[in-house]
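Residue numbers (our numbering): 800 to 930.
Idealized CB from N, CA, C, for every residue including glycine.
Data first, discussion second: the structure below is written as structure tokens.
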């Protein structure tokens with residue numbers, strides 16, 4: 800067999816995404832924040848999920864307090880993780896998911912504090928606002 804024939808016999812490409820992912824070479828494992836980030840994006844178009852993040856004042860909350868709204872959102876995230884076989888999030892305590900939701904919301908400039916300090920899409924320094 801010649802060298803030319805050996806070069807032409809490369810292994811076949813993976814035929815499915817699962818097969819492709821099996822070949823992924825990385826030492827990094829997905830963190831809770833990574834999974835919650837993905838779930839946050841997938842749930843964002845659900846009006847019930849998004850409404851839990853709308854309030855910037857306690858009187859605007861769905862369940863009566865920010866912490867109650869956070870709890871419901873975390874339950875939705877965990878349920879989604881269980882249904883879609885995302886083990887990192889599916890087996891995580893709600894308090895940790897809530898913490899992660901706050902991190903993810905800040906990544907998109909959608910945390911309650913970030914939104915509370917915006918006027919016409921611009922961030923306002925609250926220390927300057929009093930002057």
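Taking its Cβ as the centre, do 16 or more other Cβ atoms sit within 10 Å of residue i, making it buried, or is it exposed?
i           : result
residue 827 : exposed
residue 917 : exposed
residue 905 : exposed
residue 815 : exposed
residue 849 : exposed
residue 825 : exposed
Please go through the same chain and pick out, in chain order, the residues whose beta-carbon is closer than 6 Å to the beta-carbon of residue i, but skip the five residues on each side of it.
i           : result
residue 903 : 835, 836, 839
residue 915 : 855
residue 923 : 916
Per DSSP, residue i forms a beta bridge with which residues?
i           : result
residue 861 : Note: residue 861 sits in no beta bridge, so no partner.
residue 917 : 922
Taking only the alpha-carbon atoms, compute the straight-line gap between residue i and residue j and give it to the nearest angstrom.
i           : j           : result
residue 880 : residue 859 : 28 Å
residue 863 : residue 854 : 10 Å
residue 851 : residue 921 : 23 Å
residue 885 : residue 817 : 15 Å
residue 897 : residue 823 : 30 Å
residue 907 : residue 808 : 47 Å
residue 945 : residue 833 : What is shown of the chain runs 800 to 930, which leaves residue 945 out entirely.
residue 843 : residue 909 : 12 Å
residue 841 : residue 889 : 15 Å
residue 813 : residue 819 : 5 Å
residue 786 : residue 919 : Nothing can be reported for residue 786, as the shown portion of the chain is limited to 800 through 930.
Excluding the 5 residues preceding and the 5 following residue i in the sequence, name in chain order all residues of the same chain whose CB lies nearer than 8 Å to its CB.
i           : result
residue 900 : 835, 839, 869, 872, 873, 876
residue 878 : none
residue 895 : 831
Continuous alpha helix (DSSP H) assignments of at least 4 residues falling wholly in the segment 816-853: Listed in chain order, the complete alpha helix (DSSP H) runs (minimum 4 residues) inside the segment 816-853 are 816-821, 831-842, 846-853.
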